[in-house]
Amino acid sequence: MIGERLGLEQKSLDDLWLLSMLHDIGKIGVDDQILNKPGKLTDEEWQQMKQHPEIGHRIAMSTPELEHIAKYILYHHERWDGKGYPYGLTGDEIPLISRIISVVDSYDAMTEDRVYSKARSCKEALDEIIRCSGTQFDPQIAQLFVSLMKGSAQCD
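For the sequence shown, our numbering gives the first residue as 4, with consecutive numbering after it.
Here it is as C-alpha cells:
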C-alpha cells in the first residue's frame, strides 16, 4: 500500500513484495541462541546480530533471482539519522524500498510477541513510529504508514 501511494512502478512494487519476504534471510547465519535469547543481547551477541544484513546481501548476490534486491537487504537497518547499520547511511542515501521495509518491519516486530518482548498494541506501535520519525524512520514514510494503518481495520 505504501509503494502504491508513493507511485512506485510495478517492478519496484514487486521488489518491495519480495524484500518483505526475504529482508531477514541473513539471520540464517546468526546463531539460534542469539535469535531466541529472551533477555538483552551482550555487545558481542549484538555485533553478531548486526551482521545479518551483510549475510543476507551475500546470499542474495549469489542467487541470480535475488540479486536485484541484494542492496535493499543490505540497507534495511540503516536509519534516517545515520545511526543505523551496516554503513551509517543517512536520509535519501538509503534506498526508498529499504526505508519502507524499515518502518513496516519495525511495526511488525513491535506488534508480535517475541521471546524478548511482549506485543504492543497497534496504537502504541504507531505512536513509537511517530516518535522515531525523522530519526530512525524517513518522516514521509512513517507518516504515510501511520495514516494508512489508522484508516485500516487492522488498527481498531
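Glycine included, C-beta positions come from ideal geometry on N, C-alpha and C.
In terms of residue numbering, what span does the alpha helix (DSSP H) encompassing V149 cover? P142 to K153
Would you kindly work out how many angstroms separate the C-alpha atoms of T114 and A122, rounded to a whole number? 5 Å
R61 lies in the alpha helix (DSSP H); which residues open and close that run? H55 to M64
Taking the straight line between their C-alpha atoms, what separation do you get for W239 and P41? The requested residue 239 does not occur in the structure, where the chain is confined to residues 4 to 159.
Sequence-distant residues of its chain with Cβ nearer than 8 Å to R2 (five each side left out): Examination of residue 2 is not possible in this model, given that the chain is present from 4 through 159 alone.
Beta-carbon separation (whole angstroms), I104 vs S23, contact threshold 8 Å: 6 Å
Simplified DSSP assignment, three categories, for S120: strand
Out of G29, G154, Y119 and S155, state which residue places its alpha-carbon closest to the alpha-carbon of P56. G29
Per-residue burial, P98 [other beta carbons within 10 Å of its own, 16 or more giving buried]: buried
Reference R82, options E70, I100, S65 and L69, closest by Cα: I100
Would you say the beta carbon of I28 is closer than 7 Å to some non-hydrogen atom of the ligand GTP? Ligands are entirely absent from the displayed structure, and the ligand GTP is therefore not among its contents.
To which residues of the same chain is T45 closer than 7 Å at the C-beta, ignoring the five residues directly before and after it? none
Range covered by the alpha helix (DSSP H) that runs through T114: L99 to T114
Environment of I5 [buried if 16+ CB atoms lie within 10 Å]: buried
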